[in-house]
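Numbering (the numbering used here), first residue to last: 5 to 317.
Structure representation (structure tokens):
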């Protein structure tokens, strides 16, 4: 039995990836047979592309700036100096890469990029853990805030169960990390307690909140471009529930999972099926914009590094 457990533990990443791919295939099949593609195309032909592309570009750049500032504050607390422009490019590239990785783990790429500036992995992953913890708290706060609005009267008991279930999962996860007696968790707790200072924590928490507000604004503009108008309560719940479902599904990029989640929530809000399903695809288009802009930032980084090398010569 112990050998079996050890084998499963060693293959954990493969098992989670395999599980994610199965869920992804099931979701894509469901979407392919249930979405009203002809009606969706009719809505898309009338979309305001100016609002979509300008809104996505501006909101994403501001979002990356907020995440960059959050990272800058954590690095400054360690007396580490990294050129802000480089830090911004690292942030944009790593966040873009995270959209196609399970658990959005690809954002940890920025830790590896910082090695060029003599930053240690321990320090980098500690900062990453702090950021992820604050992201989780913010997402759960958005979910609870969304439920406090008018939308809650239109949600089914099923969606209530999902939201509060995910919120409970987050609470249990935090409780396990900080309260469960384990040598492994003792190391994590020690690192976090040494690093988290009240002033720094407040600054980083504020920037985390701002970054998620900017994401909500980007989603709002993407949906507005096809004629879907949500208030902040509604967009907060839509964003938080979809993000949590995507993270917990193990599916890279939450492909299929987010489309089903978004379309079902929009249906519960009161939008017609064709518009709700088009809204899900509009958000997928927003995710593609993240990848496209991320690749542009990667090109900018490579060009700037090449110029630096030529200058040094």
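The beta-carbon is built from N, C-alpha and C at its ideal position, and this holds for glycine as well.
- By Cβ distance, which residues of its chain are closer than 7 Å to residue 2, with the 5 residues on each side in sequence left out? Any question about residue 2 goes unanswered here, given that the chain covers just 5 to 317.
Check your understanding: Is it buried or exposed for residue 309, if we count other Cβ within 10 angstroms and need 16 for buried?
Key -> One-based indexing of the chain shown puts residue 309 at position 305. Under this definition residue 309 is an exposed residue.
Around the C-beta of residue 114, are 16 or more other C-beta atoms found within 10 angstroms, so that it is buried, or is it exposed?
As a working note, residue 114 is residue 110 in the chain shown. So residue 114 ends up on the buried side.
Proximal residues to residue 250 (C-beta, below 6 Å), its chain only, five neighbours per side dropped = Position 246 of the chain shown holds residue 250. Once the five neighbours on either side are set aside, the close Cβ partners of residue 250 are 258, 261, 262.
**Prompt:** By DSSP, does residue 132 sit in helix, in strand, or in coil?
**Reply:** Reading the chain shown from its first residue, position 128 is the one you call residue 132. The answer is helix: DSSP assigns residue 132 an H, G or I state.
Going by C-alpha to C-alpha distance, which of 37, 43, 60 sits closest to residue 229?
The count along the chain shown starts at 1 and reaches residue 229 at position 225. Of 37, 43, 60, the residue nearest in Cα terms is 60.
| message | So for residue 260, helix, strand or coil by DSSP? | response | Reading the chain shown from its first residue, position 256 is the one you call residue 260. Looking at residue 260 - three-state DSSP - the assignment turns out to be coil, as it is neither helix nor strand.
- Task: Measure the C-alpha to C-alpha separation of residue 117 and residue 152 and round it to an integer number of angstroms.
- Result: The residue labelled residue 117 in the question sits at position 113 within the chain shown. The residue labelled residue 152 in the question sits at position 148 within the chain shown. So the alpha carbons of these two residues sit roughly 41 Å apart.
| Contact the segment 69-84 vs the segment 47-54: 3+ CB pairs below 8 Å | No: the two stretches stay apart, fewer than three of their Cβ pairs being nearer than 8 Å.
| message | If I measure Cβ to Cβ from residue 95 and keep anything under 7 Å in the same chain, skipping five residues before and after, which residues do I get? | response | Numbered from its first residue, the chain shown carries residue 95 at position 91. Counting only Cβ-Cβ distances below 7 Å, and skipping sequence neighbours, we find 68, 71, 72, 75, 114.
Are the CB atoms of residue 44 and residue 276 nearer to each other than 8 Å? Stepping through the chain shown from its first residue, residue 44 is reached at position 40. Stepping through the chain shown from its first residue, residue 276 is reached at position 272. By the CB criterion at 8 Å, residue 44 and residue 276 fall outside the cutoff.
For residue 2, count the other beta carbons within 10 Å of its own beta carbon; 16 or more makes it buried, fewer makes it exposed. Which is it? Residue 2 lies beyond the residue range present for the chain, which begins at 5 and ends at 317; the question has no answer from this structure.
From residue 58 to residue 235, what distance separates their C-alpha atoms? Position 54 of the chain shown, counted from the first residue, corresponds to residue 58. Position 231 of the chain shown, counted from the first residue, corresponds to residue 235. Taking the Cα positions, residue 58 is about 20 Å away from residue 235.
Query - CA-to-CA distance, residue 253 to residue 23, given in whole angstroms - result: One-based indexing of the chain shown puts residue 23 at position 19. One-based indexing of the chain shown puts residue 253 at position 249. So the alpha carbons of these two residues sit roughly 9 Å apart.
With residue 102 as the anchor, note down where its alpha helix (DSSP H) starts and where it stops. The sequence position of residue 102 within the chain shown is 98, counting from 1. 88-102 is the extent of the alpha helix (DSSP H) around residue 102.
Could you check the C-alpha separation between residue 220 and residue 231 for me, to the nearest Å?
Translated into the one-based positions of the chain shown, residue 220 becomes position 216. Translated into the one-based positions of the chain shown, residue 231 becomes position 227. If you take the alpha carbons of residue 220 and residue 231, they lie about 16 Å apart.
Practice problem: Please state if the CB of residue 144 and the CB of residue 297 are separated by a distance shorter than 8 Å. | Solution: In the chain shown, the residue the question calls residue 297 occupies position 293. In the chain shown, the residue the question calls residue 144 occupies position 140. Taking 8 Å as the Cβ cut-off, residue 297 and residue 144 do not qualify as a contacting pair.
Original post:
How long is the line joining the alpha carbons of residue 40 and residue 295, rounded to whole angstroms?
Top reply: Along the chain shown, read from residue 1 onward, the residue named residue 40 stands at position 36. Along the chain shown, read from residue 1 onward, the residue named residue 295 stands at position 291. The straight-line gap from Cα to Cα measures roughly 26 Å.
Practice task
Alpha carbon to alpha carbon, how far is residue 284 from residue 38? Give it in angstroms, no decimals.
Solution key: Taking the chain shown and counting its residues from 1, one reaches residue 38 at position 34. Taking the chain shown and counting its residues from 1, one reaches residue 284 at position 280. Cα-Cα distance, rounded: 13 Å.
Which residues in the same chain as residue 28 place their Cβ atom closer than 7 Å to its Cβ, once the five residues preceding and following it in sequence are excluded?
-> Indexing the chain shown from 1 puts residue 28 at position 24. Residues 255, 259, 260 of the same chain have their beta carbon placed closer than 7 Å to that of residue 28, with the five preceding and five following residues left out of the count.
Original post:
For the candidate residues 131, 223, 34, 133, whose alpha-carbon lies nearest to that of residue 56?
Top reply: One-based indexing of the chain shown puts residue 56 at position 52. Comparing Cα-Cα distances from residue 56 to each of 131, 223, 34, 133, the minimum goes to 223.
Query - Status (buried if at least 16 other CB within 10 Å, exposed otherwise) for residue 42 - result: Within the chain shown, residue 42 is the residue found at index 38, counting from 1. Result: exposed.
Next on the checklist: At the level of alpha carbons, what is the spacing between residue 204 and residue 265?
Outcome noted: Counted from its first residue, the chain shown places residue 204 at position 200. Counted from its first residue, the chain shown places residue 265 at position 261. A direct Cα-to-Cα measurement between residue 204 and residue 265 gives close to 35 Å.
Requested in this report: Kindly provide the ranges of any alpha helix (DSSP H) runs that are 4 or more residues long and lie completely inside the segment 20-61, ordered along the chain.
Outcome: Taking only runs of at least 4 residues, the alpha helix (DSSP H) segments lying wholly in the segment 20-61 are 41-48.
Check your understanding: So, residue 302 versus residue 97, is the Cβ gap smaller than 8 Å?
Key -> Here the question's residue 302 lines up with position 298 in the chain shown. Here the question's residue 97 lines up with position 93 in the chain shown. Between residue 302 and residue 97, the gap from beta carbon to beta carbon is short of 8 Å.
What's the call for residue 330, buried or exposed, on a 16-neighbour Cβ count within 10 Å?
This structure gives no information on residue 330, because the portion of the chain shown stretches from 5 to 317.
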